[in-house]
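> Note that the working numbering gives residue 43 to position 20 of the sequence shown, counting from 1, and the numbers run on in steps of one.
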Amino acid sequence: MIVITGGSGFIGSALVWRLNQKSVTDILVVDHCAESENWKNLVPLRFSDYLDRQEFITRLERGDFGKSIEAILHMGACSSTTEKNADFLLENNYRYTLRIALWRESHPSCRLIYASSAATYGDGSRGYADNETELRTLRPLNMYGYSKQLFDCYAERKGWFKQIIGLKYFNVFGPNEYHKGDMRSVINKAYPDVRDKGIMRLFKSYRKEYADGEQKRDFIYIKDALEMTLFFLEKPAVNGIFNIGTGTARTWNDIARALFAAAGKKTAIEYIPMPENIRDKYQYFTQADLTKLRNAGCRHQCMPLDNAVADYVKNYLGKETTLE
24 MIVITGGSGF IGSALVWRLN QKSVTDILVV DHCAESENWK NLVPLRFSDY LDRQEFITRL
84 ERGDFGKSIE AILHMGACSS TTEKNADFLL ENNYRYTLRI ALWRESHPSC RLIYASSAAT
144 YGDGSRGYAD NETELRTLRP LNMYGYSKQL FDCYAERKGW FKQIIGLKYF NVFGPNEYHK
204 GDMRSVINKA YPDVRDKGIM RLFKSYRKEY ADGEQKRDFI YIKDALEMTL FFLEKPAVNG
264 IFNIGTGTAR TWNDIARALF AAAGKKTAIE YIPMPENIRD KYQYFTQADL TKLRNAGCRH
324 QCMPLDNAVA DYVKNYLGKE TTLE
């Protein structure tokens, strides 16, 4: 059995979809849907059971699953970069992950792959190399990033990266993110205005070295992120912390042009003020260093940005459908 925590969320449900394509259905989905609409991601998917996150961790630590769990893909977390409740983030993003990892110590045959984040890199001044020995030198810009870094550093101190995988996801976008509210990609949020009004709004730049809309991020399509993630499920001898990105930074203006093209509209961008509460926490540049990933044997080539945005718009956003 494969356990996917956060299994009704964005990356988690997409992993269920991709495993289904590989004829894998013995999957335990773990999540906490509450009043979220993320349950809709699960409707077309095939899996063996669903457990609330609290019931799962209780049963896991009690030993209810015996040796039936082959792998845990731990994607569950609070992914809000603007969440201010530090205790909430530490409980969901650090302590819960720690409890799973401590259980795995006595179950070494279980493959553990967990989601870290590129938010741990902060402003990027210390680079984007996924080097375990330099984790403690990173300075996240928000509490979300710190909650992820805290477990990364704990795992490094315990020597766990010789047996487990941590994945630093960069800016992932694509189908099944619809429920994420403000944490949806700009592509998802802007599509209705592009389609109906022919305009897209982007934040102004507050650093002189970046013109408006020329801030850069490493945008990776969910389908590419899935292939990179499942590479590690199929390579149990490869362990450590790894970046999941394209390795190429693109501007927000590039995203806008790709979105207008996919929607069949003329590009029209309006630059709006960035909220003051995020101006000093904003990442102006991110770019995954993929050297370590390539050296590990992952040769997956990511879809070009224009093609990825077109696939998202024409096959999912335009049809208001999930992965199925």
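Ideal placement from N, C-alpha and C gives every residue a C-beta, glycine not left out. Quick caveat: nothing in here was measured; it's all calculated off a predicted structure.
Taking the alpha-carbon positions, what's the aspartate 87 to arginine 76 distance?
Each residue's Cα considered, the two are about 15 Å apart.
> Do you know how far the Cα of methionine 166 is from the Cα of threonine 105?
Going by the C-alpha atoms only, they are around 8 Å apart.
> Tell me which residues share the same chain as leucine 68 and place their Cβ nearer than 7 Å to its Cβ, disregarding the 5 neighbours each side in the sequence.
Here the set comprises Ser36, Val39, Trp40, Asn43.
> Given a cut-off of 9 Å on the beta-carbon distance, is the pair tyrosine 144 and proline 131 in contact?
No; because the gap between Cβ atoms is not below 9 Å, this pair is not in contact.
> Roughly how many angstroms lie between the CA atoms of alanine 178 and phenylalanine 184, to the nearest whole one?
Going by the C-alpha atoms only, they are around 7 Å apart.
> Can you check DSSP and say which residues form a bridge with threonine 28?
Per DSSP, Val53, His97.
> DSSP state of leucine 74, grouped into three classes?
Note: leucine 74 maps to strand in three-state DSSP.
> Can you list, in chain order, the residues of its chain whose CB lies under 8 Å from that of alanine 213, leaving out five sequence neighbours each side?
For alanine 213, where only same-chain residues beyond five positions count, the Cβ hits under 8 Å are Met223, Arg224, Ala279, Leu282.
> With a Cβ-Cβ cutoff of 9 Å, do glycine 320 and isoleucine 264 count as a contact?
No, they are not a contact pair.
> Does the separation of the CB atoms of threonine 332 and alanine 284 fall below 9 Å?
It should be noted that the sequence gives valine, not threonine, for residue 332. Against a cut-off of 9 Å, the Cβ pair of alanine 284 and valine 332 comes out as a contact.
> Excluding the 5 residues flanking aspartate 329 on each side, which residues of the same chain have their C-beta closer than 6 Å to its C-beta?
Here the set comprises Ala281.
> Considering just the uninterrupted stretch of the alpha helix (DSSP H) at serine 170, what are its terminal residues?
Residues 166-181.
> Going by DSSP, what residues sit across from serine 139 in a beta bridge?
In DSSP, serine 139 forms a bridge with Lys191.
> For methionine 326, which residues from the same chain have a beta carbon less than 8 Å from its beta carbon, with the 5 sequence-adjacent residues on both sides left out?
So the qualifying residues of the chain are Tyr244, Lys246, Asp247, Asp334.
> CB-CB under 6 Å to aspartate 235, same chain, minus the five flanking residues each way: which ones, in chain order?
Around aspartate 235: Lys227, Ser228, Tyr294.
> Smallest Cα separation from serine 91: which of Leu112, Ser103, Ile50?
Comparing Cα-Cα distances from serine 91 to each of Leu112, Ser103, Ile50, the minimum goes to Ile50.
> Can you say whether glycine 168 is buried or exposed, counting buried as having 16 or more other CB atoms within 10 angstroms of its CB?
Under this definition glycine 168 is a buried residue.
> Taking DSSP's pairing of strands, which residues face glycine 89 in a bridge?
Paired residue(s): none; glycine 89 is not in a bridge.
> Is the beta carbon of tyrosine 117 sitting closer than 9 Å to the one on lysine 171?
Going by C-beta atoms, tyrosine 117 is nearer than 9 Å to lysine 171.
> Mark proline 215 as exposed unless 16 or more other C-beta atoms lie within 10 angstroms of its C-beta, in which case mark it buried.
It counts as exposed.
> According to DSSP, is leucine 17 helix, strand or coil?
The displayed coordinates of the chain run from 24 to 347. Any statement about residue 17 would go beyond what the structure contains.
> In terms of residues, what are the limits of the alpha helix (DSSP H) holding tyrosine 214?
It spans 209-220 - the alpha helix (DSSP H) in which tyrosine 214 sits, taken as one unbroken run.
> Within a Cβ cutoff of 6 Å, which residues of the same chain sit near arginine 122, ignoring the five residues on either side of it in sequence?
If we look at arginine 122 and ignore the five residues flanking it on each side, its Cβ neighbours are Ile80.
> Hey, would you say valine 195 sits closer than 9 Å to isoleucine 136, going by beta carbons?
Not in contact: valine 195 and isoleucine 136 (Cβ atoms no closer than 9 Å).
> Taking the alpha-carbon positions, what's the aspartate 110 to lysine 289 distance?
Cα-Cα distance, rounded: 46 Å.
> Can the beta-carbon of leucine 65 be found less than 9 Å from the beta-carbon of valine 52?
Yes. Within cutoff.
> What residue range does the beta strand (DSSP E) around glycine 263 cover?
Segment 263-267, the beta strand (DSSP E) holding glycine 263.
> Name the two residues that bound the continuous alpha helix (DSSP H) containing glutamate 250.
Run containing glutamate 250: 245-256, per the alpha helix (DSSP H) assignment.
> Which of helix, strand or coil does DSSP assign to threonine 274?
Note: threonine 274 maps to strand in three-state DSSP.
> Which residues in the same chain have their Cβ closer than 7 Å to the Cβ of proline 4, if we skip the five residues on either side of it in sequence?
Outside the displayed range of the chain (24 to 347) lies residue 4, so it cannot be described from this structure.
> Which class does lysine 239 belong to by DSSP, given the choice of helix, strand or coil?
Three-state result, lysine 239: strand.
> Starting from glutamate 128, trace the alpha helix (DSSP H) both ways and give me its first and last residue.
119-128 is the extent of the alpha helix (DSSP H) around glutamate 128.
> My assumption, with CB atoms under 8 Å, is that asparagine 262 sits in contact with glutamine 186. Please give the rounded CB distance.
Right, their Cβ atoms sit about 6 Å apart.
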